[in-house]
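Those letters in the sequence shown? Residues 1 to 238, by full-length UniProt numbering.
Structure first, then comments.
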Amino acid sequence: MASVTFRDVRKAFGSVEVLHGVSIDIEEGQFVVLVGPSGCGKSTLLRMLAGLEHITAGEILIGDRVVNALPPKERDIAMVFQNYALYPHITVAENMGFSLKLKGVSKKEIESLVSPAAEMLGLSHLLDRYPRQLSGGQRQRVAMGRAIVRKPQVFLFDEPLSNLDAKLRVSMRTEIKNLHQRLKTTTVYVTHDQIEAMTMADKIVVMHDGIVAQVGAPLDLYDRPENLFVAGFIGSPA
Ligand code: ADP
Ligand code: MG
């Protein structure tokens with residue numbers, strides 16, 4: 001577990017600045033949701049934290065380490081995307097252990113990490129299947145399993161449920177939260193869905209056009225929106 005800090009972070013693509021000085025404090029073990037309309041800069045912020053995108057100005061810290069210049073591999077984080085591409089030609093167990101195998105972890109140790117993660121995610125009976133033999137929800141669980149086995153300091157989720165149908169989305173919210181209760185890993189979760197943010201977050205960061213519009217616990221935002229954007233966004237249907 002580690003804290004995450006964004007200090008006056010800016011990002012420009014060419015001459016266009018899309019993040020205009022974003023500061024966010026995330027405590028160890030917290031489940032923080034970044035929410036805001038499409039295009040406001042959520043994915044870019046997450047990708048900079050993951051090291052997949054350069055930061056134009058400011059600082060990003062994981063724990064007390066400034067990670068601006070660290071390659072992704074050295075940041076000790078695991079990311080679950082919306083398009084959780086699994087390798088089609090290998091089994092669920094092999095998909096879950098793949099990154100460990102790349103790191104040179106022994107077969108026996110991989111098994112000892114995959115097995116409890118699979119159990120936690122209800123995948124134990126599916127370990128020998130191939131991705132094409134799984135439902136959408138099961139595939140999403142495999143993608144989460146892949147992240148869990150690495151025992152990262154921080155989990156990043158970028159709209160992980162947006163490809164699932166409405167009913168599954170609701171049950172997966174609960175599963176992800178239960179997982180967080182068990183593992184207590186610091187989590188940064190991106191969504192454009194206010195309901196998802198309200199039901200899942202310890203703390204919500206509302207973003208708007210490359211700035212932080214408001215930060216607070218779900219009920220605080222609901223009861224005391226600080227500006228019209230937050231009031232409109234939190235109050236409107238997804
Ligand atoms: P969100 O995830 O909130 O929908 P993004 O972080 O994907 O928003 O995008 C924020 C802004 O940055 C958008 O205006 C988007 O068009 C722009 N953007 C994102 N990635 C790139 C890129 N690689 N090159 C140029 N502009 C980009
Ligand atoms: Mg995005």
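Note that the Cβ used here is the ideal one computed from N, Cα and C, for glycine as well.
Range of the contiguous beta strand (DSSP E) that encloses residue i
i, result
"Asp157", "Before going further, note that residue 157 is Phe rather than Asp in the sequence given. Taken as a continuous stretch (DSSP letters only), the beta strand (DSSP E) holding Phe157 covers 154–158."
"Ala217", "Here Ala217 belongs to no beta strand (DSSP E), and DSSP marks it neither H nor E."
"Thr44", "Not the beta strand (DSSP E): Thr44 falls in the alpha helix (DSSP H), residues 42–50."
"Met207", "203–208"
"residue 240", "Limits of the chain in this structure are 1 at one end and 238 at the other, which puts residue 240 out of reach."
Alpha carbon of residue i to alpha carbon of residue j, nearest angstrom
i, j, result
"Ser38", "Ile90", "34 Å"
"Gly14", "Val212", "22 Å"
"His125", "Thr5", "39 Å"
"Leu221", "Tyr130", "43 Å"
"Leu45", "Leu134", "31 Å"
"Gly41", "Leu179", "27 Å"
"Lys203", "Thr186", "12 Å"
"Leu86", "Ala143", "7 Å"
"Phe98", "Gly235", "42 Å"
Proximal residues to residue i (C-beta, below 7 Å), its chain only, five neighbours per side dropped
i, result
"Thr191", "Val33, Val35, Glu159, Ala197"
"Asp209", "Cys40"
Identity of the residue in the options nearest residue i by Cα
i, options, result
"Gln140", "Leu156, Thr187, Gln82", "Gln82"
"residue 239", "Lys107, Lys103, Glu94", "No statement about residue 239 is possible, as the shown extent of the chain runs from 1 to 238 and does not include it."
"Ile110", "Ile26, Arg150, Ser23, Ile55", "Arg150"
"Gln181", "Asp8, Gly29, Ala147", "Gly29"
Host alpha helix (DSSP H) of residue i (start-end)
i, result
"Ile195", "194–200"
"Arg169", "166–183"
"Lys107", "107–120"
"Met96", "92–102"
"Met144", "136–148"
"Phe233", "228–235"
Same chain only: Cβ atoms within 6 Å of residue i, ignoring 5 sequence neighbours per side
i, result
"Glu74", "none"
"Asp76", "Pro152, Gln153"
"Pro88", "Pro131"
"Ile24", "Phe6, Val205"
8 Å CB neighbourhood of residue i in its chain, flanking five on each side removed
i, result
"Val53", "Looking at the sequence provided, one finds Glu at residue 53 rather than Val. Excluding positions up to five away in sequence, the list reads Lys11, Thr44, Arg47."
(message) Contact between the segment 113–130 and the segment 64–71 is defined here as three or more beta-carbon pairs at a separation below 8 Å; is this criterion met?
(response) no
(request) Assess, as a yes-or-no matter, whether the segment 173–187 is touched by the segment 98–109 under the definition of 3 or more beta carbon pairs within less than 8 Å. (result) no
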